[in-house]
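Peer 1: Residue numbers (full-length UniProt numbering): 1 to 204.
1. Could you give the C-beta distance for residue 26 and residue 15, rounded to a whole number, given that I count them as a contact under 8 Å?
2. Can you grab the Cα-Cα spacing for the pair residue 117 / residue 109, in whole Å?
3. Could you check how far apart the C-beta atoms of residue 198 and residue 171 are, in whole angstroms? I think they sit under 8 Å.
4. Cα separation between residue 49 and residue 138?
5. Are three or more beta carbon pairs between the stretch 47-66 and the stretch 133-151 nearer than 8 Å?
6. Tell me whether the beta-carbon of residue 124 lies closer than 7 Å to the beta-carbon of residue 68.
7. Just checking my contact of residue 9 with residue 57 at CB under 8 Å: how many whole Å lie between their CB atoms?
8. Just verifying my parser: in three-state terms, what is the DSSP assignment at residue 151?
9. I believe residue 141 touches residue 187 by the beta-carbon criterion, under 8 Å. Please report the beta-carbon distance rounded to the nearest angstrom.
10. Start and end of the alpha helix (DSSP H) containing residue 71?
11. Can you say whether residue 113 is buried or exposed, counting buried as having 16 or more other CB atoms within 10 angstroms of its CB?
12. Output the distance between the C-alpha atoms of residue 122 and residue 151, rounded to the nearest integer angstrom.
13. If you check the beta carbons only, do residue 54 and residue 145 fall under 7 Å apart?
14. Would you mind reading off the limits of the alpha helix (DSSP H) that contains residue 8?
15. Are the CB atoms of residue 81 and residue 106 within a distance shorter than 7 Å?
16. Hey, quick one: how far does the alpha helix (DSSP H) through residue 108 stretch, first residue to last?
17. With 16 other CB atoms within 10 Å as the buried threshold, where does residue 70 fall?
18. Per DSSP, residue 132 forms a beta bridge with which residues?
19. Out of curiosity, what's the CA-to-CA distance linking residue 158 and residue 195?
20. With a threshold of 16 other CB atoms inside 10 Å of the CB of residue 200, please say whether the residue is buried or exposed.
21. Considering residue 24, what are the terminal residues of the alpha helix (DSSP H) in which it resides?
22. Looking at the strands, I want to know which residues DSSP matches up with residue 47.
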């Protein structure tokens, strides 16, 4: 695996093609990503930062996203989930509105650092359904990368739960948003195609 340092993150973002002001913001965001995700790992035991970087790659290479702010949102989309205490740092360096978008993309029990309780799933689905198109695109890209990661999980029940939630909530959400722009249309098509492939693998 490539060394994940500041230059690597900026390369994944494609920041060399951005304006000077956008490049400056990218360096700040990349530094924050390296700090906030440091020490956190995914269920597979891999460094957590690999996941948001994969979401950025997916959006750029497969969906055709070029807007810097969308890609920075993708880079930091899990920041306040894995490190809720980073909120003040994010506000200071990237602003309140950007950080509010990250909070809107994060489940309440994660923000509040507590175990999931009755009603949290309904509230989480309501939050996701209320996301504006650009933020929803990032959330769906996150779901798509997690779907691809399912093959690394030996827990068949976990895989089935993920696919069930994807099928009964996220796919209908993608269906409803597909006409909001070409990026969401492309995401809709990829989610459906890969869901159909994975659902065959977990059926008894």
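Ideal Cβ positions, reconstructed from N, Cα and C, are used throughout, including at glycine.
Peer 2: Working from what's here:
1. Taking the Cβ atoms as the reference, residue 26 lies roughly 4 Å from residue 15, within the contact range of under 8 Å.
2. About 8 Å.
3. Incorrect: roughly 12 Å between the Cβ atoms, too far for contact.
4. 16 Å
5. yes
6. Residue 124 is not a Cβ neighbour of residue 68, given a cutoff of 7 Å.
7. About 11 Å; that fails the 8 Å criterion.
8. helix
9. 7 Å
10. 68-75
11. Under a 10 Å Cβ-count criterion, residue 113 is classified as exposed, with fewer than 16 other Cβ atoms of the shown protein chains found around its own Cβ.
12. 27 Å
13. yes
14. 6-13
15. yes
16. 108-111
17. buried
18. DSSP, once it has assigned bridges, lists no residue as partnering residue 132.
19. 15 Å
20. Residue 200 is classed as exposed because its beta carbon has fewer than 16 other beta carbons within 10 Å across all chains shown.
21. 20-36
22. 41
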